[in-house]
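The sequence shown finishes on residue 250 if you use the numbering used here, and the numbering steps up by one all the way, no holes.
The beta-carbon is built from N, C-alpha and C at its ideal position, and this holds for glycine as well.
What follows is a single structure, written as structure tokens, with notes after it.
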Amino acid sequence: MAALDSVEKMMSDIQYPIKGSCQCGNIRYQLLAPPLKIMACHCKACQKLSTSAFSITALVKADSLVVQGELAQWERLAESGNKNYAKFCPYCGNRIYHFNPDQPETIKLKAASLDDTRILNPEAHIWVCQKQDWYQIPEGVPQFDKQP
Ligand SMILES: [Zn+2]
Ligand SMILES: [Zn+2]
């Protein structure tokens, strides 16, 4: 259990709030409390938005995120029919978070923009049906074909 102990110790070292910002610095924010869940999403939309093989999202309580700066918004519908609204920096285009206006109590923070990214260790991988073949999900981490 040494590995697990060291992960727990590392997590307990993390001090909140953690600051974050977009690439150009126009948007700054603070995450006041630990996320409820960290997920990796391998869907095509996340590949486009992250310019990578998957995006990492921290599900956080809406009241634990404090944002400074004017965000632009883009609205889309998820395959489930749920509204998925995207907030991003109007200057550099960096995606800051997604939210569903029908479920305003939680926010999907695009947490790669945090200054301290040690918390970005996904607890689950979703939309694995669109995953890049070369990427191996670490053993023991739950995975789902689509949105669980
Ligand atoms: Zn920016
Ligand atoms: Zn996705």
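Rounded separation between residue i and residue j - CA only
i, j, result
"Q125", "E172", "14 Å"
"A142", "A155", "10 Å"
"I158", "Y193", "22 Å"
"Q232", "S182", "16 Å"
Residue i CB to nearest heavy atom of ligand 3 below 7 Å
i, result
"Q170", "Questions concerning ligand 3 fall outside what the structure shown contains, since the ligands it does hold are ligand 1 and ligand 2."
Ligand 1 heavy atom lying under 7 Å from the CB of residue i
i, result
"Y199", "no"
"Y131", "no"
"N184", "no"
Residues of its chain near residue i, where Cβ-Cβ distance is below 8 Å and the 5 sequence neighbours each way are ignored
i, result
"P137", "A160, L161, V162, L211, A213, I221"
"Q245", "A226, H227, I228, V230, I239"
Residues near residue i in its chain [Cβ-Cβ closer than 6 Å; skip 5 each side]
i, result
"N186", "R178, A180, H200"
"A174", "F190, P192"
Buried or exposed by the 16-neighbour rule on C-beta atoms within 10 Å, applied to residue i
i, result
"Y237", "exposed"
"G122", "buried"
"A188", "buried"
"K146", "exposed"
Cβ-heavy atom distance, residue i to ligand 2, below 7 Å
i, result
"W176", "no"
"S157", "yes"
Contacting residues, own chain, Cβ-Cβ under 7 Å from residue i (five flanking each side not counted)
i, result
"P215", "What sits at residue 215 in the sequence shown is Ser, not Pro. Closer than 7 Å at Cβ, skipping near neighbours: G122, S123, C124, N196, I198."
"P203", "K185, Y187"
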